[in-house]
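With the first letter of the sequence shown counted as 1, position 8 gets the number 7 in numbering that gives the first Met the number 0; the numbers rise by one all the way through. Glycine included, every Cβ here is placed at the ideal spot set by N, Cα and C.
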Amino acid sequence: MKKLISRIKRAEAARIKEIESEAMLAEKEILKDAKQRAAYVCACILNDAKKIAEQERQRIIASADLQASREKAALIDELLEQYISAALENIDDIRKSSAYQEMLNRVTERAIDAIPSQSLRVTVSKEDKKLLKLKNRKDKRIEILEGNCGPGSIVESSDGKVRISNDLSELIREKKAKIKSALAGFLLAEMQVKK
Numbered sequence: 000m001k002k003l004i005s006r007i008k009r010a011e012a013a014r015i016k017e018i019e020s021e022a023m024l025a026e027k028e029i030l031k032d033a034k035q036r037a038a039y040v041c042a043c044i045l046n047d048a049k050k051i052a053e054q055e056r057q058r059i060i061a062s063a064d065l066q067a068s069r070e071k072a073a074l075i076d077e078l079l080e081q082y083i084s085a086a087l088e089n090i091d092d093i094r095k096s097s098a099y100q101e102m103l104n105r106v107t108e109r110a111i112d113a114i115p116s117q118s119l120r121v122t123v124s125k126e127d128k129k130l131l132k133l134k135n136r137k138d139k140r141i142e143i144l145e146g147n148c149g150p151g152s153i154v155e156s157s158d159g160k161v162r163i164s165n166d167l168s169e170l171i172r173e174k175k176a177k178i179k180s181a182l183a184g185f186l187l188a189e190m191q192v193k194k
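Below you can see the structure in the form of C-alpha cells.
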C-alpha cells in the first residue's frame, strides 16, 4: 500500500508539474497576446494623436496665414489711404502740368457735347476759369461760373437735371474704393512676384 501511495504521489506530482507547465505556457501566451493587443492599442492611440496634432498644426498655420493676410491687407489699405489723401492734398499741383489746360478744355467740351440741353452751366475754379477756352457754339448757350471746384470742371444743364463732373478731387473721392481696389490688386500681384 505504501508503494501504491508512493506511486500515486509520484503520478500526482508529475501531473501537477504537467499542469504547472501548461499553466506557465498558457500564461506566456496570454501575456504575449496581451502585449500584442496593448502594442496595437498604443499604436492606434499614437497614430490618432499624430493625426490630431497634424490637424492642429495645419489649423494653427492656416490661422496664422489668415491673420498675416488680414494684417497685410490692413497695411495696404492704410498705405493707399495715405496716398489718396496726399493726392487730394496736392491735387492743385496738377494745374502746373503743361498738359493740364488741354485736358481741362477737352473734358469740358466732351461733357458739353454729351448733355443734350441747349442751356448749360460750366463751373470751374477761379484759377481754371483763366485756362478754360471753349469753342464758340451757336447751338448751345453756355454760362461759365466760378465756384468751389477742384481742378477740372462741372458741366450741368441749366435746370440741374443732368450733371457731368470732371472735378478731379470729386472724382477721386467718388471712385476711392475702386481706386484702392485696383491699386491693392496691383500691389498684391507685385508682392507675389517678388516672393
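If the five residues before and after A86 are omitted, its C-beta is found closer than 7 Å to the C-beta atoms of I171, all from its own chain and listed in chain order.
Between the stretch 46-56 and the stretch 114-127 there are fewer than three C-beta pairs closer than 8 Å, too few to call the two in contact. Closest in C-alpha terms to G159, from the list K132, L119 and S124, comes L119.
When the beta-carbon positions are compared, K128 and E145 come within less than 7 Å of each other. DSSP lists L119 as the beta-bridge partner residues of I141.
For R162, the three-state secondary structure derived from DSSP is strand. As DSSP reads the structure, I153 sits in a beta bridge with T122 and S164. By the neighbour-count definition (other C-beta atoms within 10 Å, threshold 16), D138 is an exposed residue. For D166, the number of other beta carbons within 10 angstroms of its own is at least 16, and it is reported as buried.
Secondary structure at A98: coil, using DSSP grouped into helix, strand and coil. A direct Cα-to-Cα measurement between I18 and A10 gives close to 12 Å.
Cβ-Cβ distances below 6 Å link G151 to N165, D166 and L167 in the same chain, with the five nearest sequence neighbours on each side left out; the list follows chain order. Taking every protein chain shown into account, the CB of G149 has 16 or more other CB atoms within 10 angstroms, so this residue is buried. Spanning the alpha carbons of I44 and A37 requires a straight line of approximately 10 Å.
With respect to the 7 Å criterion, I111 and V161 are not classified as neighbours on the basis of their beta carbons.
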